[in-house]
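To keep things clear, I will list the structure first and then write my remarks on it.
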Amino acid sequence: MALLRQSRLGRCVVLLAAWGAALGALAAEPAGRWIDQRQVGPFAIAAEFDLSQYEPMLAELPALEREIRRVLATRPCNAPVTVMLAADEDQHRAVLAARFPGLPYRRALYVKQGAAAVVFAYRQPELAVDLRHECTHALLHADLAMLPLWLDEGLAEYFEPQETDRAFGHPHAAAICRELSLGRVHSVAQLEANTKLEEMSAEEYRSAWAWTHFMLHGPPEASEALWGFIASIRRGEPPGRLSARLASRVPDLQGRFARHFRYWPQSQTASERVQLR
């Protein structure tokens, strides 16, 4: 039985309870399939194309792990994350159809079973964004036994841009400001009620990103609620609801959330950037 988790951009995460045969086939690749293979931090990357021109993109992945560890105090990723890159969409479709028959097509895919974590993607203009998003999922699940669906996606949405664009200038920010004026931003309690990623709307993805941004860059009490929630998960304790933690720690939660985006600058110079911690 598998839980299918699809993102707004046609990416998805599959957490498998019993799909060992599909993952076992990873070791049975046709001879000579891989043109280039690299080990970059915890990521074992195999590509059907020369990776030389993608070295700046690959260099971002260890930096992504370091940033997630810094921001969320996660532990180092000790198990390798395999990244399989097809040369084009046709090859990618063929790989997914062979390994996961019956699974709807996804532009990028993260699969986890036990300690094995694999990201499937292909060469296309948004490859770097897809890899940062899916590898964020892999790094989070390498350390945390579970995450609420909305927070898992909110964090992946937060970390998918380049590092310089995460706090400021994210395309979601302008949309969130419009939706706040229309009363269409989902509360954390509303986001918690949705446990099926394939049913999440684009508005819910933006709301998940917005609450993540608020907790990372808003009042210290909101950051403490997030870090305490994650620490409880790491210790194996029932974390409760993050909505309850936020409500108890942050007076006038909805008002402060709205003001956070009303006054948050769309861009800042590097010397003015706010440090997360």
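Those letters in the sequence shown? Residues -27 to -1, 1 to 250, per mature numbering (1 follows the signal peptide of the UniProt record, and there is no 0), in order. All residues carry an ideal CB built from backbone N, CA and C; glycine is no exception.
Report task. Report the rounded CA-to-CA distance for Ala146 versus Gly5, giving the unit in angstroms. Result -> On the sequence shown, position 173 is the one that residue 146 refers to. On the sequence shown, position 32 is the one that residue 5 refers to. Put simply, the backbone Cα of Ala146 is about 45 Å away from that of Gly5.
Query - Local Cβ density within 10 Å of Arg72, reported as buried at 16 or more and exposed below that - result: Residue numbering aside, residue 72 sits at position 99 when the sequence shown is read from its first letter. Buried, since its Cβ has 16 or more Cβ neighbours within 10 Å.
Query raised in the report: Taking just the CA atoms, how far does Ala181 sit from Tyr83?
Result: Counted from its first residue, the sequence shown places residue 83 at position 110. Counted from its first residue, the sequence shown places residue 181 at position 208. Near 19 Å, if we compare the C-alpha coordinates of Ala181 and Tyr83.
Query raised in the report: From Gln135 to Pro35, what does the alpha carbon distance come to, in whole angstroms?
Result: Translated into the one-based positions of the sequence shown, residue 135 becomes position 162. Translated into the one-based positions of the sequence shown, residue 35 becomes position 62. In this model, Gln135 and Pro35 are separated by some 13 Å (Cα to Cα).
Query raised in the report: So which of Gln97, Arg208 and Arg42 has the shortest CA-CA distance to Gln26?
Result: Numbered from 1 along the sequence shown, position 53 holds the residue referred to as residue 26. By alpha-carbon distance to Gln26, the top candidate from Gln97, Arg208 and Arg42 is Gln97.
Query - the segment 208 to 227 / the segment 186 to 200 touching (three or more Cβ pairs under 8 Å) - result: The answer is yes - the segment 186 to 200 touches the segment 208 to 227, with three or more Cβ pairs under 8 Å.
Report task. Compare the C-alpha of Arg157 against each of Glu177, Arg11, Glu165 and Arg214 and name the closest. Result -> Counting from 1 along the sequence shown, the entry for residue 157 is found at position 184. If you compare the alpha carbons of Glu177, Arg11, Glu165 and Arg214 with that of Arg157, the shortest gap goes to Glu177.
Query raised in the report: Thinking C-alpha only, which one of Leu76, Thr168 and Ser160 is nearest Phe187?
Result: For this step, residue 187 is matched to residue 214 along the sequence shown. Relative to the Cα of Phe187, the nearest Cα in the group Leu76, Thr168 and Ser160 belongs to Ser160.
Query - Cβ shell of His11 (< 7 Å), same chain only, five flanking positions each side left out - result: In the sequence shown, the residue the question calls residue 11 occupies position 38. A quick correction: the sequence has Arg, not His, at residue 11. So the list reads Ile18, Leu24 and Leu31, once near-sequence residues are dropped.
Query raised in the report: From the DSSP output, which residues share a beta bridge with Tyr27?
Result: Counting from one through the sequence shown, the residue named residue 27 turns up at place 54. Tyr27 has no beta-bridge partner at all, per DSSP.
Query raised in the report: Near His65, what residues of its chain come up, given a Cβ to Cβ distance below 6 Å and the 5 sequence neighbours on each side ignored?
Result: Along the sequence shown, one-based indexing puts residue 65 at 92. Counting only Cβ-Cβ distances below 6 Å, and skipping sequence neighbours, we find Ala59 and Tyr95.
Query - Collapsed DSSP secondary structure at Thr109 in the structure displayed - result: Within the sequence shown, the letter at position 136 stands for residue 109. Correct three-state label for Thr109: helix.
Query raised in the report: What's the C-alpha gap between Arg208 and Arg79?
Result: Taking the first residue of the sequence shown as position 1, residue 208 is located at position 235. Taking the first residue of the sequence shown as position 1, residue 79 is located at position 106. Near 34 Å, if we compare the C-alpha coordinates of Arg79 and Arg208.
**Report entry** Boundaries of the beta strand (DSSP E) in which Tyr78 is found, first to last residue
**Finding:** To locate residue 78, count along the sequence shown from 1; it is residue 105. Run containing Tyr78: none; DSSP gives neither H nor E here.
Requested in this report: Mind reading off the beta-carbon distance from Arg105 to Leu37? Whole number of angstroms is fine, and I expect it under 8 Å.
Outcome: For the purposes of this step, residue 105 is taken as residue 132 along the sequence shown, with counting starting at 1. For the purposes of this step, residue 37 is taken as residue 64 along the sequence shown, with counting starting at 1. Between the beta-carbon of Arg105 and that of Leu37 there is about 6 Å, and that keeps the pair under the 8 Å contact cut.
Query raised in the report: Looking at Leu122 and Ile203, is the spacing between their C-beta atoms short of 8 Å?
Result: Your numbering for residue 203 matches position 230 in the sequence shown. Your numbering for residue 122 matches position 149 in the sequence shown. Against a cut-off of 8 Å, the Cβ pair of Leu122 and Ile203 comes out as no contact.
Query raised in the report: Under 8 Å, do Ile149 and Phe93 count as touching if we go by C-beta distance?
Result: In the sequence shown, residue 149 corresponds to position 176, counting from 1. In the sequence shown, residue 93 corresponds to position 120, counting from 1. No, Cβ-Cβ distance for Ile149 and Phe93 is not below 8 Å.
Query raised in the report: Within 10 angstroms of its Cβ, does Ile41 collect 16 or more other Cβ (buried), or is it exposed?
Result: Residue 41 sits at position 68 when you count from the first residue of the sequence shown. Burial call: buried.
Query - Local Cβ density within 10 Å of Tyr131, reported as buried at 16 or more and exposed below that - result: On the sequence shown, residue 131 is found 158 positions in, with the first residue counted as 1. Within a 10 Å sphere around the beta-carbon of Tyr131 sit 16 or more other beta-carbons, which makes this residue buried.
Query - Met119 (DSSP reduced to helix, strand or coil) - result: Start at 1 with the first residue of the sequence shown, and residue 119 comes out as number 146. Coil, per DSSP.
Query raised in the report: Among the residues of its own chain, which have a CB less than 6 Å from the CB of Val102, if the five just before and after it don't count?
Result: Here residue 102 is taken as the residue at index 129 of the sequence shown, counted from 1. Around Val102: Glu133.
Query raised in the report: Where do the ends of the beta strand (DSSP E) carrying Ile18 lie?
Result: Position 45 of the sequence shown holds residue 18. Taken as a continuous stretch (DSSP letters only), the beta strand (DSSP E) holding Ile18 covers Phe16 to Ala20.
**Report entry** Helix, strand or coil at Gln135 according to DSSP, with G and I counted as helix
**Finding:** Within the sequence shown, residue 135 is the residue found at index 162, counting from 1. Three-state DSSP puts Gln135 in coil, outside helix and strand.
**Report entry** Of the listed residues Ser174, Asp138 and Cys50, nearest to Thr109 (C-alpha basis)
**Finding:** Residue numbering aside, residue 109 sits at position 136 when the sequence shown is read from its first letter. Among Ser174, Asp138 and Cys50, the Cα nearest to that of Thr109 belongs to Cys50.
Query raised in the report: DSSP on Ala46, reduced to helix/strand/coil?
Result: Residue 46 sits at position 73 when you count from the first residue of the sequence shown. The three-state secondary structure of Ala46, taken from DSSP, is coil.
Report task. Counting only the same chain and skipping the five closest in sequence on each side, list residues whose C-beta sits under 7 Å from that of Trp200. Result -> On the sequence shown, position 227 is the one that residue 200 refers to. For Trp200, where only same-chain residues beyond five positions count, the Cβ hits under 7 Å are Ala46.
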